[in-house]
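Beneath this line is the structure, given in structure tokens, with notes to follow.
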Amino acid sequence: MKEKVMDAMQKFSKAMFVPVLILPIAGILIAVGNVFTNVRLIERFPFLDNPITIGFGSILSAALLPILTNLGIIFCVGIALGLAKKKKAEAAFTALLGYFVFLNAMNKFMSLREMLVPADALQGSGQALVLGIQVLDMGVFLGLILGVVTALIHNRFIDTTFSNAFQVYGGARFVFIVLIPVVVGLAILSTFVWPVVQTGIDSLGGVIQQTGNFGIYLYGTLERLLIPTGLHHLIYTPFLYTSLGGVAEVGGQVFEGARNIYFAEIADPAVSILSQSVIWDARGISKMFGLIGACLAMYHTAKPENKFKVKAILIPAVITSFIAGVTEPIEFSFMFVAPMLFVIHSGLSGLSMVALNIFGSRAIGPNGFIDFLLYNIPLGIEKTRWPIYLLVGVAFFFIYYFLFRFLITKMNLKTVGREDEGNETKLYSKKEYKEQQVTGSGGLATATTTSQDSISALITEGLGGGNNIKTIDNCYTRLRLQLKDPELVDETLLKEQTSAKGVIKNGENVHVVYGLSVPKVRENLEAYLGREGENE
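Quick note, the sequence shown lines up with residues 1 to 536 if you use the UniProt record's numbering.
Okay, structure coming up:
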């Protein structure tokens, strides 16, 4: 039962990536639009004071802000797409239809029960206009629920076929036929259940807000601590996109979730100081500063004969973490060889958010320095207090450095470059990686084969062979697989000969961390195994 629950959560977490990875693009472009409409910037740079740039910025922000107020439909389609085992496009289309059916069914049932409040009394009533239809305000949760329900029905009935005159009603059409009564029943049931659920969510959000810095610390710590399980997305997503992360009225519209509020506020020139709720998206200190200090500590404590190799390994990982906010290559370098360091890193990540709250900074850098520049600098010091963010970051660089260095030397932790004699460093330099592409293992990778096929062959061998691989997928940094027999996985081969940063096994689910290159790794592996199009 535990494995089944974990498997379901892993799949749901993976599916969350479909909508979640798209939303920051909207946020960045809203920030760009704000650059051209920011009053202070226009005063400082008079050339921006013209109808072309101001109009462009206004149109860009106005065009993208509705994405934040319609997250339900985005998550509904995205979750269904991510959870569907086959014919994903048809699953997404069916989810869209189901979303419309739900809205109209709930509206009609509420109308029959005389539950609908007047249009001018929506605020604070628990009801909202969604795509112009008045229903209970379920926000992102509606999209999550319908996305999961659609995917379950799709996976169960997509292969249903009929003969003779009824054959036209098979496949995706039959899925929609089954979905209609389920969604209508769910809409009716939700009118009774959701007000109770919403009360619980509001209470939980209130408890977290009332606990102040402790709530912030707990959030920040768990968001890092759950990385090995791949479930950390289930921690931060509700805070970023639901009422758990705060509710605020900006420009006459109500926004839920820390990131939604942040994006709305940066696009509104009338907002002079960003609200308290955006502290929940204050991630970035550990990515841009803390882990760099940890890497410097690992380099300084490495054995002298290994320093060159360690430097070649850690420098690319540091650049990736600082610029793009991808921390897993660094975290996996000490997560398993020195778990204590990972626990401390998680705690320090939460503590960095507390520090930003104490000193009143509302700056963010969720995906590294590029995000930091785009989100904060154009808004000015008064609105975000971004210099405080940098000062806190520098402080945590030294905290990480001295604490990691002390613990590594005091406890003789076997971090990168400190392995016992005979044990190779588990992360390889680019030069060694290329050499291994040629030498290979068991004659699989030779100079006469392409490098892509060589690595795919090694990955296949490390996963126990092609027949052992049930499904292939990926998220932002991980190759996510389901295997028939996880015990056949050769972690040493994957790490030493395919440049994997880490391997996580949880029942049949196996995650192999490759970093930002993982989409190409998956594509090459599918091509090598002849499985292109399996997930379409």
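Quick reminder that beta carbons are idealized off the backbone N, C-alpha and C, glycines included.
The Cβ atoms of Thr477 and Glu328 sit closer than 7 Å to each other. Under the DSSP assignment, Ala128 falls in the beta strand (DSSP E) whose first and last residues are Gln127 to Val130.
Here Lys520 carries a helix assignment [DSSP, helix/strand/coil]. Boundaries of the beta strand (DSSP E) around Thr471: Ile469 to Asn474. The segment 27 to 93 is shown to contain no whole beta strand (DSSP E) run of 3 or more residues.
Out of Leu83, Val20, Thr237 and Glu114, the CA that lies nearest to the CA of Ile74 is found in Val20. If you draw a straight line from the Cα of Leu493 to the Cα of Leu458, it is about 8 Å long.
Setting aside the 5 residues that flank it on each side, Thr242 is surrounded in the same chain by Gly139, Val140, Phe141, Ile201, Glu256 and Gly257, each with a C-beta closer than 8 Å to its C-beta; the list follows chain order.
Between Ile285 and Gly393, the gap from beta carbon to beta carbon is short of 7 Å.
Note on geometry: alpha-carbon atoms of Leu407 and Ile319 lie some 24 Å from one another.
The alpha carbon of Leu64 has as its nearest neighbour, out of Phe263, Glu90, Asn357 and Asn367, the alpha carbon of Phe263. When the Cα atoms are used, Lys484 and Gly143 turn out to be separated by approximately 32 Å.
Sorting Lys85, Glu331 and Leu479 by C-alpha distance to the C-alpha of Asn524 places Leu479 at the top. Listed as beta-bridge partners of Leu146 by DSSP are no residues whatsoever. Rounded to the nearest angstrom, the gap between the Cα atoms of Gly185 and Val310 is 59 Å. Membership of Ile266 in the alpha helix (DSSP H) is indicated by the continuous run Ala258 to Ile266.
Per DSSP, Gly502 lies in no alpha helix (DSSP H) segment; the continuous beta strand (DSSP E) that holds it begins and ends at Gly502 to Asn506.
Here the C-alpha atom of Leu122 lies approximately 6 Å from the C-alpha atom of Ala128.
Contact check between the segment 131 to 138 and the segment 188 to 196: three or more CB pairs, one atom from each, fall below 8 Å, which counts as touching. Leu379: not part of any beta strand (DSSP E); DSSP gives it neither H nor E.
DSSP, reduced to helix, strand and coil, places Ala270 outside both helices and strands of the structure shown, so it counts as coil. In this chain, the beta strand (DSSP E) harbouring Leu136 covers Ile133 to Leu136.
If you check the CB distance, Leu516 and Val354 do not come in under 7 Å. Taking Gly293 as reference, the option from Gly466, Leu413 and Leu403 with the minimal CA-CA separation is Leu403. Note that the C-beta distance between Gly464 and Leu488 is below 7 Å. The C-alpha of Asn260 is placed about 27 Å away from the C-alpha of Ala89.
Assignment of Gln123 by DSSP, reduced to helix, strand and coil, places it in the coil class. With a cutoff of 7 Å on beta-carbon distance, Phe332 and Lys501 are scored as near each other. Distance from the CA of Phe47 to the CA of Phe56, rounded to the nearest whole angstrom, comes to 14 Å.
Counted as a single uninterrupted DSSP element, the alpha helix (DSSP H) harbouring Gln497 occupies residues Glu491 to Gln497.
Closest in alpha carbon position to Val32, among Cys475, Phe162, Leu379 and Arg522, is Leu379. Going by beta carbons, Tyr99 and Leu146 fall inside the 7 Å limit.
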